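Just so you know, the protein sequences line up as chains L and R, in that order.
Taking our numbering, the leading residue of the first sequence gets 95, the next gets one more, and so forth.
Taking our numbering, the leading residue of the second sequence gets 280, the next gets one more, and so forth.
All C-beta atoms in this analysis are idealised placements derived from N, C-alpha and C, irrespective of residue type, glycine included.
Since this is a predicted model, take the numbers as computed values, not measurements.
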Amino acid sequence: AQKVTQAQTEISVVEKEDVTLDCVYETRDTTYYLFWYKQPPSGELVFLIRRNSFDEQNEISGRYSWNFQKSTSSFNFTITASQVVDSAVYFCALSEAAQGAQKLVFGQGTRLTINP
Amino acid sequence: DAMVIQNPRYQVTQFGKPVTLSCSQTLNHNVMYWYQQKSSQAPKLLFHYYDKDFNNEADTPDNFQSRRPNTSFCFLDIRSPGLGDAAMYLCATSGQGAWEKLFFGSGTQLSVL
Numbered sequence: 095a096q097k098v099t100q101a102q103t104e105i106s107v108v109e110k111e112d113v114t115l116d117c118v119y120e121t122r123d124t125t126y127y128l129f130w131y132k133q134p135p136s137g138e139l140v141f142l143i144r145r146n147s148f149d150e151q152n153e154i155s156g157r158y159s160w161n162f163q164k165s166t167s168s169f170n171f172t173i174t175a176s177q178v179v180d181s182a183v184y185f186c187a188l189s190e191a192a193q194g195a196q197k198l199v200f201g202q203g204t205r206l207t208i209n210p
Numbered sequence: 280d281a282m283v284i285q286n287p288r289y290q291v292t293q294f295g296k297p298v299t300l301s302c303s304q305t306l307n308h309n310v311m312y313w314y315q316q317k318s319s320q321a322p323k324l325l326f327h328y329y330d331k332d333f334n335n336e337a338d339t340p341d342n343f344q345s346r347r348p349n350t351s352f353c354f355l356d357i358r359s360p361g362l363g364d365a366a367m368y369l370c371a372t373s374g375q376g377a378w379e380k381l382f383f384g385s386g387t388q389l390s391v392l
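Pasting the structure below:
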């Protein structure tokens with residue numbers, strides 16, 4: 095069965111600190127897709143990034159970066175120079191195909207609080 | 280502009296009284312999903328529509344039903360809400376396939392009295 099583990103339930107840092115959110119996944123599929131979503135207090139989940147299992151290239155987007163390592167089944171997310179607006183719950187998710195659509199298996203989420 | 284719209288934002292219902300939550304999309308996506316999210320938990324998939332094909336998750340209670348009259352609209356019906364059904368209900372859409380990213384609405388927070 096597919097599983098995603100986000101061991102950090104809550105993280106609190108002071109603004110401008112760097113912070114890394116961990117994500118470890120389990121799957122027996124050779125082809126799979128990984129996602130990160132952000133859920134601010136407004137409630138709407140917002141897509142951040144996706145990766146397929148054949149693409150281990152790390153990605154940087156502004157202050158955000160992602161480190162995908164198949165050897166350790168991890169897909170970690172780093173925010174550099176954090177800002178108060180980064181405060182949210184962050185979900186890592188693994189996608190499996192389901193009748194033309196997809197079923198996202200979410201981790202439990204990490205609540206990130208950035209303090210001024 | 281919002282692309283996935285859920286109404287209402289907050290819904291209060293009485294124990295056992297049927298309630299309907301609505302979702303509409305302007306993205307013309309094939310797939311629409313309903314997720315249930317309880318406090319401090321991850322979203323849990325209830326069911327999805329691929330075009331008109333309805334796909335129920337095995338552990339979704341029979342109390343939960345859905346309708347999709349056309350591409351743009353999808354409804355979640357809770358026939359007899361219990362206290363345990365109080366949650367945030369999230370609608371999402373995507374294109375076809377496991378690679379597609381989901382677009383979520385802002386959710387409907389359901390309270391059951």
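Which bits of chain L does residue i rub up against, with CB to CB less than 9 Å?
i: R:PHE383; result: TYR131, GLN133, GLY137, GLU138, LEU139, VAL140 and PHE141
i: R:LEU369; result: GLY137, GLU138 and LEU139
i: R:VAL291; result: Near R:VAL291 there are no residues of chain L at all, since even the closest Cβ is about 17 Å away, more than 9 Å.
Using DSSP's beta-bridge definition, name the partner residues of residue i.
i: L:LEU115; result: L:PHE171
i: L:ARG157; result: Beta-bridge pairing links L:ARG157 to no other residue.
i: L:PHE200; result: L:ALA187
i: L:LEU206; result: L:ILE105 and L:ALA182
i: L:TRP282; result: Residue 282 of chain L lies beyond the range of chain L shown here (95 to 210); nothing can be said about it.
i: L:GLN151; result: Note: L:GLN151 sits in no beta bridge, so no partner.
i: R:THR372; result: R:MET311 and R:PHE382
i: L:SER165; result: L:SER165 pairs with nothing; no bridge assigned.
i: R:MET367; result: R:GLN316 and R:GLN388
i: L:GLU120; result: L:LYS97
Note down the Cα distance separating residue i from residue j, rounded to an integer number of angstroms.
i: L:THR174; j: R:MET311; result: 34 Å
i: L:VAL179; j: L:ILE208; result: 8 Å
i: L:VAL118; j: R:CYS302; result: 32 Å
i: L:GLN102; j: R:ASN342; result: 34 Å
i: L:VAL199; j: L:PRO210; result: 33 Å
i: R:GLN315; j: R:PRO322; result: 6 Å
i: R:HIS327; j: L:LYS197; result: 9 Å
i: R:TRP313; j: R:LEU325; result: 6 Å
i: R:SER318; j: L:SER106; result: 19 Å
i: L:GLU150; j: R:ARG358; result: 46 Å
i: R:CYS353; j: R:PRO340; result: 18 Å
i: L:ILE154; j: R:ARG346; result: 40 Å
i: L:TYR184; j: R:THR387; result: 20 Å
Under 9 Å between beta-carbons, which chain R residues line up against residue i? List them in chain order, please.
i: L:GLU120; result: Within chain R, no residue comes near L:GLU120; the closest Cβ sits about 15 Å away, beyond 9 Å.
i: L:ARG145; result: Residues of chain R passing the Cβ test: none, with the nearest at roughly 10 Å.
i: L:PHE169; result: Result: empty, since nearest Cβ-Cβ is about 15 Å, beyond 9 Å.
Less than 8 Å separating the beta-carbons of residue i and residue j?
i: L:ALA195; j: R:SER373; result: yes
i: L:ASN146; j: L:ASN152; result: no
i: R:GLN285; j: R:LEU389; result: no
i: R:ALA366; j: R:PHE383; result: no
i: L:GLN96; j: L:GLU120; result: yes
i: L:SER136; j: R:SER351; result: no
i: L:ALA131; j: L:LEU142; result: In the sequence as presented, Ala is not what sits at residue 131 of chain L; that position holds Tyr. Yes. Within cutoff.
i: L:PHE129; j: L:SER167; result: no
i: R:PHE294; j: R:PRO348; result: no
i: L:LEU206; j: L:SER181; result: yes
i: R:LEU300; j: R:TYR368; result: yes
i: L:SER159; j: L:VAL113; result: no
i: R:ASP356; j: R:GLN344; result: yes
Please list, in chain order, the chain R residues whose beta carbon lies closer than 8 Å to that of residue i.
i: L:LEU198; result: PRO322, LEU324 and LEU381
i: L:SER189; result: ALA377 and TRP378
i: L:GLN202; result: GLN320 and ALA321
i: L:ALA175; result: Within 8 Å Cβ-Cβ: nothing; L:ALA175 doesn't reach chain R, min ~26 Å.
Taking Cβ-Cβ distances shorter than 7 Å, what residues in chain R pair up with residue i?
i: L:TYR127; result: ALA377 and TRP378
i: L:PHE148; result: Within 7 Å Cβ-Cβ: nothing; L:PHE148 doesn't reach chain R, min ~11 Å.
Exercise for the section: Any chance you could list the beta strand (DSSP E) runs of at least 3 consecutive residues sitting entirely within the region 286-365 of chain R, in chain order? Expected result: Scanning the region 286-365 of chain R from its first residue to its last, the whole beta strand (DSSP E) runs of 3-plus residues come out as 289-292, 298-304, 310-316, 323-329, 332-335, 343-346 and 352-357.
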